[in-house]
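The sequence shown lines up with residues 59 to 376 when you count with our numbering. In this text, a Cβ means the ideal position worked out from N, Cα and C, and glycines have one as well. Some notes on the structure that comes next.
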Amino acid sequence: MPTEASQHVVVVGCGVIGMTTALELRASGYTVEIWTRDDLAATTSAAAGAIWYPFLAEPRDAVVRWSGVTFDRLRVLAAEPSSGVRMCPVVEAFAEEEPDVWWADAVKGVTRLEAEHVPPGYCSAVRATVPVCDVPVHLKWLVSELVRSGVPVIRREIASFEEAFEAADRVVNCAGLGARALCHDDDLHPVRGQVCVLEGATVESAWIDDTTPRPRYVVPRPASVIVGGTAQARDERRTPDPADTEEMMAAALAARPELSAGRVASVQVGMRPFRSAVRLERERLKDGRILVHNYGHGGSGYTVSWGCAAEVVSLLTA
Ligand SMILES: Cc1cc2nc3c(=O)[nH]c(=O)nc-3n(C[C@H](O)[C@H](O)[C@H](O)COP(=O)(O)OP(=O)(O)OC[C@H]3O[C@@H](n4cnc5c(N)ncnc54)[C@H](O)[C@@H]3O)c2cc1C
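If you want it as structure tokens, here you go:
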């Protein structure tokens with residue numbers, strides 16, 4: 059339990075990382091406010107496919123640890139329909155016979171498919187049941203949890219953390235790609251992601267192939283199907299690229315012919331905040347002020363969110 063003098067925290071950033079961090083801090087007894095530059099719809103979090111799947115995030119041992127905590131949390135949330143989370147079977151197909159399923163320890167129950175069930179054109183495949191977030195519903199649920207917990211969200215862009223330290227002596231940096239300028243962090247860079255939202259088709263399970271230069275995936279939501287994707291490092295184009303759309307739709311239709319009934323209702327683009335290692339650490343500044351960094355989750359923000367949030371609480375309370 060924090061002492062009274064240190065109990066107020068400003069969380070900078072209101073994507074999935076900032077919101078889960080604020081909720082964990084509030085649940086641990088801190089009073090919390092969130093400051094955000096952008097409307098929620100303009101964040102990377104709003105553009106995500108949001109399947110639980112560790113992808114483009116380092117270091118792997120920590121990612122597995124954070125992913126395991128998040129898996130358990132999302133599995134519980136899946137029992138609550140308003141959360142927009144549900145458990146969904148996923149098949150990951152590989153070009154190799156003996157793939158390194160490095161994230162398997164975070165999931166209880168990864169099974170290897172028998173040869174006759176391996177998708178055509180692949181050498182092996184595994185199956186698991188993982189959480190999937192229906193992003194618009196899940197973000198709305200996170201916002202309603204903030205309201206219920208008494209965490210205000212304030213529209214305010216900062217140029218320096220000094221501005222946040224005027225309001226609290228504890229600040230948590232969940233600024234995603236915004237941390238590049240705030241921390242002068244050249245290691246942090248965008249990895250562009252583009253997905254299609256397909257309506258009028260259904261698939262029973264998710265499908266992933268991340269062995270090609272570009273990740274390919276199909277993620278079912280209750281009223282649509284997400285088809286992805288791209289992973290273009292340091293590419294900051296925010297408008298959809300028709301060539302990307304064509305390529306990802308062709309790959310998805312080859313893997314899941316039942317998608318041919320659907321039509322592309324919209325195309326979303328987002329900038330994954332990638333770093334050679336997620337920055338989750340505490341800086342003790344002068345006068346006893348504390349700045350905790352929680353950014354650089356790349357393609358795994360939804361997958362590691364609650365695990366990272368719990369670690370922020372430990373770092374702040376230590
Ligand atoms: C196409 C695509 C598909 C994806 N699919 C998945 C998936 O299936 N599974 C998964 O786990 N992850 C997925 N991701 C990755 C995931 O979306 C990100 O890792 C995650 O959204 C990062 O969240 P964040 O809160 O750090 O950043 P953001 O959502 O970008 O939020 C950053 C926040 O910081 C604020 N901010 C920034 N600078 C300032 C400033 N100077 N002052 C005040 N506020 C500031 C912003 O306004 C915003 O509120 C995907 C991403 C993309 C683009």
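* Asked: Can you name the residues that DSSP bridges to M329?
  -> R250, per the DSSP bridge assignment.
* Going by other Cβ atoms of all chains shown within 10 Å of its Cβ, with 16 needed for buried, is A162 buried or exposed? -> Per the 10 Å Cβ criterion, exposed.
* Which residue from L204, A323, V229 and A309 puts its Cα closest to that of W265? -> Shortest Cα-Cα distance from W265 to any of L204, A323, V229 and A309 involves A309.
* Below 8 Å on the Cβ atoms is my guess for I216 versus A222; work out the distance and round it to an integer in Å. => Distance from I216 to A222 at the Cβ level is roughly 6 Å; contact confirmed, criterion being Cβ atoms closer than 8 Å.
* Other residues of its chain near T187: CB distance less than 6 Å, five sequence neighbours each side excluded -> Around T187, the same chain offers M145 and P147 as residues with beta carbons nearer than 6 Å, after the five sequence neighbours per side are excluded.
* Compute the Euclidean distance between the alpha carbons of L132 and W364, then round it to the nearest angstrom. => When rounded, the separation of the alpha-carbon atoms in L132 and W364 is 9 Å.
* Pull up the CB-CB distance for G142 and H196, whole angstroms please, since I reckon it's below 8 Å. => Yes, G142 and H196 are in contact; Cβ-Cβ is about 4 Å, under 8 Å.
* To do: Tell me whether D270 counts as near ligand 1, meaning its Cβ is closer than 7 Å to at least one heavy atom of that ligand.
  => The identity of residue 270 in the sequence shown is Thr, whereas the question assumes Asp. Not one heavy atom of ligand 1 sits closer than 7 Å to the Cβ of T270.
* Which residue from F152, L246, G126 and T128 puts its Cα closest to that of D268? -> Answer by Cα proximity: F152.
* To do: May I ask you to check if the CB of A312 is nearer than 7 Å to at least one heavy atom of ligand 3?
  => What this structure holds is ligand 1, not ligand 3.
* Consider the C-beta atom of E215 and the heavy atoms of ligand 1; say whether any pair is separated by less than 7 Å. => Closer than 7 Å to some heavy atom of ligand 1: that describes the Cβ of E215.
* Asked: Is P248 closer than 8 Å to R342 when the C-beta atoms are compared?
  -> Not in contact: R342 and P248 (Cβ atoms no closer than 8 Å).
* For my contact list, V336 and E116 are in at a C-beta cut-off of 8 Å; report their separation, rounded to the angstrom. => Between E116 and V336 the Cβ distance is about 7 Å, and since that is below 8 Å, they are a contact.
* Asked: I think A367 touches E150, with their Cβ atoms under 8 Å apart; what is that distance to the nearest whole Å?
  -> Under the criterion of beta carbons closer than 8 Å, A367 and E150 do not qualify as touching, at roughly 26 Å.
* To do: List in chain order: all unbroken alpha helix (DSSP H) runs of 4+ residues lying wholly within the region 160-199.
  => Complete alpha helix (DSSP H) runs here, min 4: none at all.
* Asked: Is the distance from the Cβ of S334 to the Cβ of D192 below 8 Å?
  -> For the pair S334 and D192, the CB atoms are not nearer than the 8 Å cut-off.
* To do: Determine, using beta carbons only, whether A105 and G328 come nearer to each other than 8 Å.
  => Yes, Cβ-Cβ distance for A105 and G328 is below 8 Å.
* Asked: Is Q65 near ligand 1, with its Cβ less than 7 Å from a heavy atom?
  -> Set against 7 Å, the gap from the CB of Q65 to the closest heavy atom of ligand 1 is not smaller.
* Assuming V283 contacts V253 (C-beta within less than 8 Å), just tell me the rounded distance between them. => Not confirmed; about 10 Å, so no contact.
* Asked: So, L317 versus A259, is the Cβ gap smaller than 8 Å?
  -> Yes, Cβ-Cβ distance for L317 and A259 is below 8 Å.
* **Cβ-heavy atom distance, T94 to ligand 1, below 7 Å** => Checking the Cβ of T94 against ligand 1 gives yes.
* Beta-carbon proximity of V370 to T89, cut-off 8 Å -> No, the pair does not count as a contact, with Cβ atoms beyond the cut-off.
* Count the other C-beta atoms from every protein chain shown that fall within 10 angstroms of the C-beta of D227, then say buried if there are 16 or more, exposed otherwise. => That one is buried.
* Taking 8 Å as the cut-off, decide whether the C-beta atoms of V230 and V70 are in contact. => The Cβ-Cβ distance between V230 and V70 falls below 8 Å.
* Between E174, P194, M77 and R170, which lies nearest to A183 when the distance is taken from Cα to Cα? -> Looking at the Cα atoms, R170 is the closest of the given residues.
* **When R272, R279, D293 and R118 are compared against S257, the one with the closest alpha-carbon** => Looking at the sequence provided, one finds Glu at residue 257 rather than Ser. Of the listed residues, the one whose Cα sits closest to E257 is R279.
* Asked: Going by Cα to Cα distance, which pick from R274, C72, W110 and G179 is closest to P210?
  -> Ranking R274, C72, W110 and G179 by Cα distance to P210 puts C72 first.
* With DSSP as the reference, label L338 as helix, strand or coil. => Note: L338 maps to strand in three-state DSSP.
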